[in-house]
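Peer 1: Chain order of the listed sequences is A and B.
The first sequence maps to residues 142 to 241 in this note's numbering.
The second sequence maps to residues 2 to 671 in this note's numbering.
First the structure, then my questions, so here it is.
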Amino acid sequence: MIPIVLYLALAAIIFSIGLYGIMTQRSGIRILMCVELMLNSANINLVAFSSYHHDLTGQVFALFSIALAACEAAVGFAILMALYRMKDTISLDHINVLRW
Amino acid sequence: MAVENLAFLIPVLPALAFVLTFFLGKKLPTGGAIIPIAAIATSFVISLLITLNLLANPEEVVSQSYSWFAMLNIGILVDPLAAVMLTMVTFVSLLIHIYSTGYMSHDKAPSRYFAETALFTASMLGLILSDNILQLFICWELVGVCSYLLIGFWFQKPSAATAAKKAFLTTRIGDVMFLTGIIVLFSDLYKIFNGTIPDGVFILRFDEIFAHISDIAAINANIFGMEVSHITLITLLFFGGAVGKSGQFPLHVWLPDAMEGPTTVSALIHAATMVTAGVYLVARTFPMFIAAPDSLMVVAYVGAFTALFAGTMGIVMNDLKRVLAYSTISQLGYMMLGLGVGAAVGSEAVGIALFHLINHAFFKALLFLCAGSVIHAVGTHDMRQLGGVAKVMPITAITMIIASLALTGMGIPGTSIGTSGFFSKDAIIESAYLFGETTGSWIPYLLSIAAALLTSIYIFRLIFMTFYGKPRTDYGGHESPASMTIPLSILALFALVFGGLTSKTFNTFVSETFVNNFVNMDISSLATLGGYHLAEHAGEEPILILWLPLIMALAGLVITFLIYGLQIVNMDSIVSRNNPIYKLLYNRYYQNAIFTNFVSVKIIYEGFAFAGRAVDRGFDWIVKWFSDVTLEAGESLRQFQTGAVQNYATAVITGVSLLIILVKVVMEVL
């Protein structure tokens with residue numbers, strides 16, 4: 142059996158990649174992809190713990206999380222499409238309508 | 002049911018009368034005067050019965066107390082001191098109310114008048130009955146409010162409105178001192194009890210206060226580098242209150258102006274009740290005063306000085322009522338002197354002062370009511386326009402002369418023949434002599450003797466100018482109705498014989514208050530605490546001392562008779578604006594100018610305005626500093642709001658990371 146620490150390490154690496162992406166990328170699409178990465182790292186954790194503890198609850202949560210991620214991605218893409226129509230760009234540097 | 006249980010009704014009945022008269026008075030004839038008259042008459046009967054009972058059994062003090070806010074109480078206490086005051090106030094007030102039905106018959110708002118006098122009487126009676134100093138202060142303030150209402154009764158007149166405000170504000174200075182004294186006293190007692198007060202102990206009750214005098218005296222305060230015992234501080238503050246209410250120098254300025262109210266109000270407030278509240282306060286807290294040597298000395302000096310000072314102004318006034326106002330101030334000075342000499346004669350001083358207070362209430366109320374009778378009939382109170390009034394108003398003239406004889410203290414020393422003023426005033430002057438002998442300070446005695454001469458001059462000047470000679474102007478005039486002359490006659494009877502009848506019993510009776518009726522109380526040991534040794538009544542005073550006050554009074558009579566009766570001395574040469582002394586007296590020592598131009602304008606307006614402006618600027622600066630800092634902080638924090646989602650995400654991640662690290666570190670440490 143593969144020790145759990147490897148799963149956790151994989152999840153941590155994926156999470157960090159996602160985090161790095163969110164903080165550095167300019168394109169909205171890429172940032173959304175990075176958010177997916179972070180969510181998936183969490184899913185890996187959930188599934189890993191679930192199988193480790195022989196308890197299916199974690200996997201159920203992972204399924205919920207995947208479904209939510211899909212919804213979130215759909216909404217995120219919709220927002221980005223709308224933004225692109227308005228501003229002709231999806232670079233977040235140029236989208237600062239929340240600013241004072 | 003024993004009459005003692007009805008004691009609480011004494012102030013309650015007039016208070017009820019106030020409410021009834023206020024709401025129903027307009028619908029009743031003579032403004033509903035019957036309500037307060039009936040109420041006060043009942044109070045008078047109750048007071049008289051209690052007093053007679055106390056006279057027979059001095060130990061049967063009426064004392065009822067109910068708790069209020071755990072360590073305070075409301076309650077009544079009728080000891081000899083309170084009993085004589087109650088009887089006098091209800092009696093004089095009753096006569097004045099009856100007289101008022103005649104005097105106020107032409108007024109527009111008699112029901113308001115009677116409602117206010119009833120409330121006034123109620124608060125004065127409440128003041129006298131109080132068994133604790135806080136309740137006394139509450140009634141003290143009520144009396145002040147009522148005097149404001151009554152002095153400004155004819156509020157349409159600007160001068161009356163001003164006088165009312167002046168009376169209210171001037172006495173307020175004293176009231177603030179009084180309240181400060183109570184606060185100091187309360188905190189001292191609280192300290193003495195170490196903050197744990199047993200159930201059923203009410204620390205502002207007089208017996209509780211008196212039981213702890215020596216403890217209070219042990220507390221010292223450092224004021225401007227001087228070690229002052231707290232008992233001295235408290236008593237001086239109390240005396241400050243008394244100075245305001247009783248019109249003593251330098252807070253006497255309100256009293257002459259207060260003559261703007263109806264004359265009956267002057268008789269009620271400025272003869273029998275409110276102005277005596279200060280004397281009563283000092284008498285009531287006398288055990289504290291006797292333990293405070295400096296305070297009693299101040300009382301004696303202020304009293305004696307006021308007696309003379311007010312007399313000098315009385316001799317040049319041309320307004321009937323103002324002469325009497327200065328006379329009142331002067332006589333109150335005598336009463337204060339009578340209390341002040343307590344350093345020499347002990348608790349007897351209370352008896353002496355109270356005796357003069359009671360006698361004064363009779364003859365001064367009589368004087369005011371006679372003046373009111375003249376004013377009512379003639380329509381003027383300028384003595385320069387009067388003259389020969391005795392012919393048209395014989396009863397008024399005779400009663401007024403009787404009152405004047407009582408005021409000057411005519412009587413034969415060594416016998417019990419004399420007007421009531423003779424017994425009380427001479428007793429004060431003699432104890433002032435004793436005071437001089439014991440303590441070596443003769444000034445109070447000399448001032449009081451000089452004041453006796455002035456008393457005689459100003460009052461006989463008033464008599465001669467008003468009642469004798471030829472009328473100076475053409476006035477009609479008629480004798481007043483019976484509702485007015487009957488009270489005058491009754492008061493005249495009292496002014497004539499009360500002193501002689503009671504002089505022996507009165508003093509011992511009132512002194513009982515402090516001899517038998519308070520626990521842990523021994524006047525001479527308290528005096529020792531204050532550093533006094535009470536004088537032994539060894540040996541008689543020189544015979545001259547006994548005769549001197551009478552000689553002074555007769556000298557005053559002769560002088561005024563020569564000037565105003567026979568007109569040997571031409572007054573026109575003296576009474577002129579060129580005579581500097583006359584000018585000084587006539588302008589009342591320029592006190593108005595000093596108080597208005599210097600104290601109000603220079604000190605209060607400009608001084609306080611300057612201080613206020615400085616403080617204001619300080620606050621402005623602080624407020625501005627705060628607003629600036631807030632604005633700038635906002636300005637710089639605003640920069641963080643970039644609108645870029647990534648920056649926010651970075652901030653969140655940084656924050657969460659820092660939190661995790663923090664929690665980690667804290668867990669490690671723990």
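We put the CB at the ideal spot given by N, CA and C, even for glycine.
By DSSP, does B:Q65 sit in helix, in strand, or in coil?
Peer 2: Here residue 65 of chain B is taken as the residue at index 64 of the second sequence, counted from 1. Strand at B:Q65.
Peer 1: What are the start and end residues of the alpha helix (DSSP H) that includes B:M317?
Peer 2: The residue labelled residue 317 of chain B in the question sits at position 316 within the second sequence. Reading off the sequence, residue 317 of chain B comes out as Val, not Met. Looking at the DSSP string, B:V317 is not in any alpha helix (DSSP H), and its letter there is neither H nor E.
Peer 1: Assign A:A215 to one of two classes, buried (16 or more other C-beta atoms within 10 Å of its C-beta) or exposed (fewer than that).
Peer 2: Residue numbering aside, residue 215 of chain A sits at position 74 when the first sequence is read from its first letter. A:A215 should be labelled exposed.
Peer 1: Is there a Cβ from chain A that is less than 7 angstroms from the Cβ of B:A634?
Peer 2: As a first step, residue 634 of chain B is located in the second sequence; it is residue number 633 there, counting from the start. So, not an interface residue.
Peer 1: Spatial neighbours of A:A199 within its chain, please: CB distance less than 7 angstroms, with the 5 preceding and 5 following residues excluded, ordered by chain position.
Peer 2: The count along the first sequence starts at 1 and reaches residue 199 of chain A at position 58. Strictly speaking, residue 199 of chain A in this sequence is Gly, with Ala absent from that position. So the qualifying residues of the chain are L187, V188, F190, S191.
Peer 1: Report the option in A:V176, A:N184, A:A183 whose CA atom is closest to the CA atom of A:G217.
Peer 2: Position 76 of the first sequence, counted from the first residue, corresponds to residue 217 of chain A. Of the candidates A:V176, A:N184, A:A183, the one whose C-alpha sits nearest the C-alpha of A:G217 is A:V176.
Peer 1: Check whether the Cβ atoms of B:V90 and B:T233 sit closer than 7 angstroms, and answer yes or no.
Peer 2: If you number the second sequence from 1, residue 90 of chain B lands on position 89. If you number the second sequence from 1, residue 233 of chain B lands on position 232. Result no, Cβ atoms of B:V90 and B:T233 do not sit closer than 7 angstroms.
Peer 1: Just mark B:E209 as buried or exposed, buried being the case when its beta carbon has 16 or more other beta carbons within 10 Å.
Peer 2: Residue numbering aside, residue 209 of chain B sits at position 208 when the second sequence is read from its first letter. Buried, because 16 or more other Cβ atoms sit within 10 Å of the Cβ of B:E209.
Peer 1: Indicate whether at least one CB of chain B lies closer than 7 angstroms to the CB of A:M179.
Peer 2: The residue labelled residue 179 of chain A in the question sits at position 38 within the first sequence. No - not a single Cβ of chain B is within 7 angstroms of the one on A:M179.
Peer 1: Measuring alpha carbon to alpha carbon, tell me which of B:A110, B:L186, B:V146 ends up nearest B:L135.
Peer 2: Counting from 1 along the second sequence, the entry for residue 135 of chain B is found at position 134. For B:L135, the nearest C-alpha among the options comes from B:L186.
Peer 1: Is any beta-carbon of chain A found at less than 7 angstroms from that of B:Q640?
Peer 2: By one-based count along the second sequence, residue 640 of chain B stands at place 639. So no, B:Q640 is outside the interface.
Peer 1: Which residue wins for smallest C-alpha separation from B:P37, given the options B:I99, B:K27, B:S68?
Peer 2: Numbered from 1 along the second sequence, position 36 holds the residue referred to as residue 37 of chain B. Per the Cα distances, B:I99.
Peer 1: How should B:V63 be labelled, buried or exposed, when 16 other C-beta atoms within 10 angstroms of its C-beta is the threshold for buried?
Peer 2: Start at 1 with the first residue of the second sequence, and residue 63 of chain B comes out as number 62. Counting Cβ neighbours within 10 Å, B:V63 comes out buried, since at least 16 surround it.
Peer 1: DSSP state of B:V229, grouped into three classes?
Peer 2: Position 228 of the second sequence, counting from 1, holds the residue named residue 229 of chain B. DSSP places B:V229 in strand when its eight states are reduced to three.
Peer 1: Could you please give me the residues that DSSP links to B:L73 through a beta bridge?
Peer 2: For the purposes of this step, residue 73 of chain B is taken as the residue at position 72 of the second sequence. In DSSP, B:L73 forms a bridge with B:W69.
Peer 1: Suppose you measure from the CA of B:V13 to the CA of B:N319; what does that come to, to the nearest Å?
Peer 2: Numbered from 1 along the second sequence, position 12 holds the residue referred to as residue 13 of chain B. Numbered from 1 along the second sequence, position 318 holds the residue referred to as residue 319 of chain B. Cα to Cα, the separation comes out at about 40 angstroms.
Peer 1: Does the beta carbon of B:S162 come closer than 7 angstroms to any beta carbon on chain A?
Peer 2: One-based indexing of the second sequence puts residue 162 of chain B at position 161. First, the amino acid is wrong: residue 162 of chain B is Ala here, not Ser. It does not; no Cβ of chain A falls within 7 angstroms.
Peer 1: Would you mind reading off the limits of the beta strand (DSSP E) that contains B:A222?
Peer 2: Residue 222 of chain B sits at position 221 when you count from the first residue of the second sequence. Per DSSP, B:A222 belongs to the beta strand (DSSP E) from 221 to 224.
Peer 1: Tell whether a beta-carbon distance below 7 angstroms holds between B:M178 and B:G241.
Peer 2: Working through the second sequence from its first residue, we reach residue 178 of chain B at position 177. Working through the second sequence from its first residue, we reach residue 241 of chain B at position 240. Cβ distance < 7 angstroms, so B:M178 and B:G241 count as in contact.
Peer 1: Sorted by chain position, which residues of the same chain lie with C-beta nearer than 7 angstroms to A:L180's C-beta, five sequence neighbours on each side aside?
Peer 2: The residue you call residue 180 of chain A lines up with position 39 of the first sequence. The residues are S206, A210.
Peer 1: Which residues in chain A have a C-beta closer than 8 angstroms to the C-beta of B:A650? List them in chain order.
Peer 2: In the second sequence, residue 650 of chain B corresponds to position 649, counting from 1. Simply I163, M164.
Peer 1: Given that A:N237 touches chain B, what residues does it touch there, using C-beta distances under 8 angstroms?
Peer 2: Counting from one through the first sequence, the residue named residue 237 of chain A turns up at place 96. Those within 8 angstroms of A:N237 in chain B are T643, G644, A645.
Peer 1: Just checking, does the segment 384 to 401 of chain B make contact with the segment 116 to 124 of chain B on the three C-beta pairs under 8 angstroms criterion?
Peer 2: Result no; under three Cβ-Cβ pairs closer than 8 angstroms.
Peer 1: Just tell me which of A:I155, A:G169, A:I154, A:A153 has its CA closest to the CA of A:Y225.
Peer 2: In the first sequence, residue 225 of chain A corresponds to position 84, counting from 1. Among A:I155, A:G169, A:I154, A:A153, the Cα nearest to that of A:Y225 is on A:G169.
Peer 1: For the structure I just gave you, are there three or more beta carbon pairs, one from the segment 353 to 362 of chain B and one from the segment 499 to 507 of chain B, closer than 8 angstroms?
Peer 2: They touch, by the three-pair rule.
Peer 1: What does the Cβ neighbour count give for A:M222, buried or exposed, with the cut at 16 atoms within 10 Å?
Peer 2: Here residue 222 of chain A is taken as the residue at index 81 of the first sequence, counted from 1. Exposed: under 16 other Cβ atoms inside 10 Å.
Peer 1: Show which residues of chain A have a CB atom less than 9 angstroms away from the CB atom of B:I654.
Peer 2: Along the second sequence, read from residue 1 onward, the residue named residue 654 of chain B stands at position 653. Within 9 angstroms Cβ-Cβ: L160, I163, M164.
Peer 1: Would you mind telling me which residues of chain B sit closer than 8 angstroms to A:L149, beta carbon to beta carbon, in chain order?
Peer 2: As a position in the first sequence, residue 149 of chain A is number 8, starting the count at 1. What A:L149 touches in chain B: nothing, since even the nearest Cβ is about 16 angstroms away.
Peer 1: Note down the Cα distance separating B:L338 from B:V616, rounded to an integer number of angstroms.
Peer 2: Along the second sequence, one-based indexing puts residue 338 of chain B at 337. Along the second sequence, one-based indexing puts residue 616 of chain B at 615. In a straight line, the C-alpha of B:L338 is about 43 angstroms away from that of B:V616.
Peer 1: So, is B:I418 buried or exposed, given that buried needs 16 or more other C-beta atoms within 10 angstroms?
Peer 2: In the second sequence, the residue the question calls residue 418 of chain B occupies position 417. Under this definition B:I418 is an exposed residue.
Peer 1: Apart from the five residues on each side of it in sequence, which residues of its chain come closer than 7 angstroms, Cβ to Cβ, to B:F19?
Peer 2: Residue numbering aside, residue 19 of chain B sits at position 18 when the second sequence is read from its first letter. Same-chain partners within the cutoff: A116, A119, L120, A123.
Peer 1: When you check each C-beta in the segment 212 to 239 of chain A against every C-beta of chain B, which residues fall closer than 9 angstroms?
Peer 2: Here the close residues are L233, D234, I236, N237, V238, L239.
Peer 1: Does B:G248 come out as helix, strand or coil in the three-state DSSP assignment?
Peer 2: As a position in the second sequence, residue 248 of chain B is number 247, starting the count at 1. Coil, per DSSP.
Peer 1: Find the nearest neighbour of B:I75 within the set B:M260, B:F510, B:F9, judged by alpha-carbon distance.
Peer 2: Mapped onto the second sequence, residue 75 of chain B falls at position 74. The residue with the shortest Cα to Cα distance from B:I75 is B:F9.
Peer 1: Counting C-beta neighbours from all protein chains within 10 Å, is the total for B:K392 16 or more, i.e. buried, or is it exposed?
Peer 2: Taking the second sequence and counting its residues from 1, one reaches residue 392 of chain B at position 391. Classification for B:K392: exposed.
Peer 1: Less than 7 angstroms between the beta carbons of B:A259 and B:A168, yes or no?
Peer 2: What you label residue 259 of chain B is simply residue 258 of the second sequence in a count that begins at 1. What you label residue 168 of chain B is simply residue 167 of the second sequence in a count that begins at 1. Yes; because the gap between Cβ atoms is below 7 angstroms, this pair is in contact.
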